[in-house]
Every structure is written in C-alpha cells, then in structure tokens.
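Q: Numbering (the numbering used here), first residue to last: -3 to 276.
This is how it looks when you write it as structure tokens:
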C-alpha cells in the first residue's frame, strides 16, 4: 500500500464535530510519474522539480490542499521571474557585471546615493525620460550606467547596452545592406537603451544622422541613458554639424536626469593606493 498524507480541506463542513480528512499521494506513488509527465507537458519546471519536497512538507505540517497548491504555484512564479530576469540580462549584453550596490559613493561624493536609488525604479524608464552621466574617465560613469541598466532589467523591462561607436557602425552596416529600417525599429522597442562612450569619437555627418534617427524614434517614448566624458559645450566637436548637434542634444537632455561624476578618477587613485600603500 502506498503511503498517504491526511490533509484537511478547510472548505468542507465536518460531520458532527468530526474533521473529514482527504488523502493525498506522497512521493513514491505511481502518480509521481504522471505528475512529472504533466509538468513537462505544461512546461512547469519548478513545479516538477519541487512537488515531491513540497508534498513531504505538506504531510509533515498537515497543510491544507489550498496551501499545498499555493506553495507550488509560488515556487513556479518565483522560478519564472528569475528566468525572465536572467534572459533580460543576457539580452542587455552588458560587457561585465556591475551593480549599484557595489558603487563606492564615499570615493565619489559628486554622486548622490538618493538620486541613484531613484533610478533603480523603472518609473522614469516607463515615462521615456533620458539619463545623462557626465564625467572624466575613472569616475564611475560606466559602473553607474551598467548598474542602473541591470536594475531596470531585473525589474522586468528590456535593456540594451552598447557603445556609441558600435551602434553607429551597426547602423551604417544596416544602411549599406538596405535593412536600416528594421534595425531602427528594433532599437525603438527597447525600454532602456544604454549608450556608453558617448562623444569619445568624432562622427562624420552620416554617422551623426544615423544616430539622430535612433534618438528621434525613441524621443519621449523610450528611455535612453548616455555616459559621456564631454560637457554639452563640446558636443559640437563630436557631431561636426552645429544644427544636428543641437537637435541631438535637445532630444537627450529634455526632461533628463543629469549626474555629474566629476573629474577625479577614483579608479586611478585605487591603482596608486595599491602600488604605493601608505606607510604607518
């Protein structure tokens, strides 16, 4: 005889003050194989993996059927949420893992923790507001850009990281292959576009115009975050054409959150401290 567990159904009326039990199969029963097959068919991997453990727990704790079912459903939902986060992080194509929790605010007092904490919420992304990070090399721009993008992806929104030069090259190749429209359409659907190294290289007029199309398609609909070492007054050197530069700057800065990371490289300072530690 297969082992059984008594589980009280709270929805049933007891007979004359007596609890009417139900019986639920436990691990090792022939039903296990059928449950396993059903989970495979319904694509419930966490349900399939955990149902035996949860059934054992339910027996020990004399859980109701509803509680047992709720536990199984919560396990499946948590697993799906985790797998969705992992998929969105893969699609974001971050070059290296960076989290906001690891950013050292003490070494860069220019960056306000409260402002960065607000950017972990997807609200600004859903509103299509831009983010601009300005500062010299080594001041944490890329760390913040990737960390914020990671938080947004984990919140369930689509994110894509790329350098500005890589994006312009991709657009130029698509234009040459006569598939520019499809590439621009793909970028227009991403919830948060993270553009690193913005302004590091001067763009020719064609490259600037291609980039301008991306900003135009995303304007006030989808959020764009850029990290740059160039102040606004120097952007005309990047784009060459003053009018085109003004149009791009207008789209990036309208309703934007601006974070200035400063000029002192704490990355360089950390390297110097490791090479020349202070002597007591």
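Using N, Cα and C, we set each Cβ at its ideal position, and we do this for glycine too.
#1: Can you give the Cα-Cα distance for residue 232 and residue 246, rounded to whole angstroms?
#2: Could you pull the start and end residues of the alpha helix (DSSP H) that residue 183 belongs to?
#3: Among 114, 224, 91 and 240, which has the Cα closest to the Cα of residue 156?
#4: Using 10 angstroms around the beta-carbon of residue 121, count the other beta-carbons present and answer buried if the total reaches 16, otherwise exposed.
#5: Tell me which same chain residues have a C-beta within less than 8 angstroms of the C-beta of residue 281, skipping the five on either side of it?
#6: In whole angstroms, give me the CA-to-CA distance for residue 137 and residue 25.
#7: Could you name the residues of the same chain whose beta carbon sits closer than 6 angstroms to that of residue 35, not counting the 5 residues immediately before and after it, in chain order?
#8: Where does residue 19 sit, in a helix, a strand or coil, going by DSSP?
#9: Just reading off the alpha helix (DSSP H) that residue 111 is part of, what are its end residues?
#10: Considering only the beta carbon of each residue, do residue 106 and residue 257 sit closer than 8 angstroms?
#11: Helix, strand or coil for residue 150 per DSSP?
#12: According to DSSP, which residues form a beta bridge with residue 190?
#13: Suppose you measure from the CA of residue 234 to the CA of residue 244; what does that come to, to the nearest Å?
#14: To the nearest angstrom, how far is it from the Cα of residue 69 to the Cα of residue 131?
#15: Drop a sphere of 10 angstroms on the beta-carbon of residue 185, count the other beta-carbons inside from all chains shown, and report buried for 16 or more, exposed for fewer.
#16: Quick test of your reading: residue 101 and residue 140, contact by CB under 8 angstroms. State the CB separation rounded to the nearest angstrom.
#17: Exposed or buried, what is residue 179 when buried is set at 16 or more other beta-carbons lying within 10 Å of its beta-carbon?
#18: On a Cα-Cα basis, can you pick out the residue from 152, 81 and 203 that is closest to residue 172?
#19: Determine whether the beta carbon atoms of residue 225 and residue 133 lie at a separation below 8 angstroms.
#20: State the Cα-Cα distance for the pair residue 21 and residue 27, rounded to the nearest angstrom.
#21: If distances are taken between C-alpha atoms only, which option among 63, 41 and 97 comes closest to residue 75?
#22: Just to confirm before moving on: does the CB-CB distance between residue 229 and residue 193 stay below 8 angstroms?
A: If we stick to the structure as given:
#1: The residue given as residue 232 occupies position 236 in the chain shown. The residue given as residue 246 occupies position 250 in the chain shown. Near 13 angstroms, if we compare the C-alpha coordinates of residue 246 and residue 232.
#2: For the purposes of this step, residue 183 is identified with residue 187 of the chain shown, where counting begins at 1. Unbroken alpha helix (DSSP H) run through residue 183: 176 to 184.
#3: As a first step, residue 156 must be located in the chain shown, where it is residue number 160. With distances taken between Cα atoms, residue 156 lies closest to 91.
#4: As a working note, residue 121 is residue 125 in the chain shown. Residue 121 comes out buried.
#5: Residue 281 lies beyond the residue range present for the chain, which begins at -3 and ends at 276; the question has no answer from this structure.
#6: For the purposes of this step, residue 137 is identified with residue 141 of the chain shown, where counting begins at 1. For the purposes of this step, residue 25 is identified with residue 29 of the chain shown, where counting begins at 1. Approximately 57 angstroms between the Cα atoms of the pair.
#7: Position 39 of the chain shown, counting from 1, holds the residue named residue 35. Result list for residue 35: 43 and 44, in chain order.
#8: Here residue 19 corresponds to residue number 23 of the chain shown, with the count starting at 1. With a pLDDT of only 41 at residue 19, under the threshold of 50, the placement of this residue in the model should not be trusted, and no figure is reported.
#9: Residue mapping note: residue 111 aligns to position 115 of the chain shown, counting from 1. Where residue 111 is concerned, the enclosing alpha helix (DSSP H) stretches over 109 to 115.
#10: Reading the chain shown from its first residue, position 110 is the one you call residue 106. Reading the chain shown from its first residue, position 261 is the one you call residue 257. Yes, Cβ-Cβ distance for residue 106 and residue 257 is below 8 angstroms.
#11: If you number the chain shown from 1, residue 150 lands on position 154. Three-state DSSP puts residue 150 in a helix.
#12: Start at 1 with the first residue of the chain shown, and residue 190 comes out as number 194. Per DSSP, 157 and 221.
#13: As a working note, residue 234 is residue 238 in the chain shown. As a working note, residue 244 is residue 248 in the chain shown. Their backbone Cα atoms lie some 11 angstroms apart in a straight line.
#14: Numbered from 1 along the chain shown, position 73 holds the residue referred to as residue 69. Numbered from 1 along the chain shown, position 135 holds the residue referred to as residue 131. So the alpha carbons of these two residues sit roughly 47 angstroms apart.
#15: Residue 185 sits at position 189 when you count from the first residue of the chain shown. Answer is exposed; the Cβ neighbour count stays below 16.
#16: By one-based count along the chain shown, residue 101 stands at place 105. By one-based count along the chain shown, residue 140 stands at place 144. Not really, about 11 angstroms apart at Cβ, beyond 8 angstroms.
#17: Start at 1 with the first residue of the chain shown, and residue 179 comes out as number 183. Residue 179 is buried by the Cβ-count criterion.
#18: Sequence index remark: in the chain shown, residue 172 carries index 176 (1-based). The option with the nearest alpha carbon to residue 172 is 203.
#19: The residue labelled residue 225 in the question sits at position 229 within the chain shown. The residue labelled residue 133 in the question sits at position 137 within the chain shown. Yes, the pair counts as a contact, with Cβ atoms nearer than the cut-off.
#20: Mapped onto the chain shown, residue 21 falls at position 25. Mapped onto the chain shown, residue 27 falls at position 31. Here the model assigns residue 21 a pLDDT of 47, short of 50, so the residue's position is not dependable, and the following value carries that caveat. The alpha-carbon atoms of residue 21 and residue 27 are separated by roughly 7 angstroms.
#21: What you label residue 75 is simply residue 79 of the chain shown in a count that begins at 1. Of the listed residues, the one whose Cα sits closest to residue 75 is 41.
#22: What you label residue 229 is simply residue 233 of the chain shown in a count that begins at 1. What you label residue 193 is simply residue 197 of the chain shown in a count that begins at 1. Cβ distance not < 8 angstroms, so residue 229 and residue 193 don't count as in contact.
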